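Chemist: Sharing a structure, written as structure tokens. Questions coming.
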Amino acid sequence: MNSPFTPEVVNAIKRHMNDDHGDDALLICKGLGGQPEATGATTTGVDAEAIEFVAVVGGQDVVVRVPWSTTLTERAQVRTEVVRLYQEACAALGVPARGEH
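Sequential numbering of the sequence shown, starting at 3, is according to this note's numbering.
Next up, the structure:
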């Protein structure tokens, strides 16, 4: 499936995630991305099916792709899905979720 997001939109989402939500990305990689030992994470991509990160695990870069709950068709859905992933990751890790997302 082609991405519904232009390269400019993807870059804006990545910039926002990396500038403002780096800790959230790490929690998502640890709790939902199968990388519980990750020590860092960078958002590297977004498409209709998933969000993608590069996590640092044991000093190595590991690609982590975490699927959305549904196929996305518009930019506004990304925020809703990222918040859901963050909340699910916090629950999986037993970490209290912050309310301000």
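For each residue, glycine too, the CB sits at the ideal point set by N, CA and C.
This structure is a prediction, so every number in the text was calculated from the model and none was measured.
Counting Cβ pairs, one atom from each stretch, are 3 or more of them under 8 Å apart for the stretch 70-77 and the stretch 36-47?
Modeler: no
Chemist: Need the endpoints of the alpha helix (DSSP H) that Gln79 sits in, please.
Modeler: 78-95
Chemist: Let me make sure I understand the geometry here. Which of Gln37, His18, Ala94, Arg86 has the alpha-carbon closest to that of Gly61?
Modeler: Sorting Gln37, His18, Ala94, Arg86 by C-alpha distance to the C-alpha of Gly61 places Gln37 at the top.
Chemist: May I have the straight-line CA-CA distance separating Arg58 from Val80, to the nearest angstrom?
Modeler: For the sequence presented, residue 58 should be read as Val rather than Arg. Whole-angstrom Cα-Cα distance: 24 Å.
Chemist: Residues in the same chain with beta-carbon distance under 7 Å from Leu95, minus the five sequence neighbours each way, listed in chain order, please.
Modeler: Leu29, Lys32, Gly33
Chemist: What did DSSP end up calling Ala40 once you bin it into helix, strand or coil?
Modeler: coil
Chemist: Given Asp49, which residues of its chain have a CB within under 6 Å of its CB, disregarding the five upstream and five downstream residues?
Modeler: Ser5
Chemist: Buried or exposed, going by whether 16 or more other CB atoms sit within 10 Å of the CB of Asp26?
Modeler: buried
Chemist: Go through its chain and collect everything with a Cβ distance to Val56's Cβ below 8 Å, but skip five positions before and after it.
Modeler: Ala43, Thr44, Thr46, Asp63, Val64, Val65, Val66
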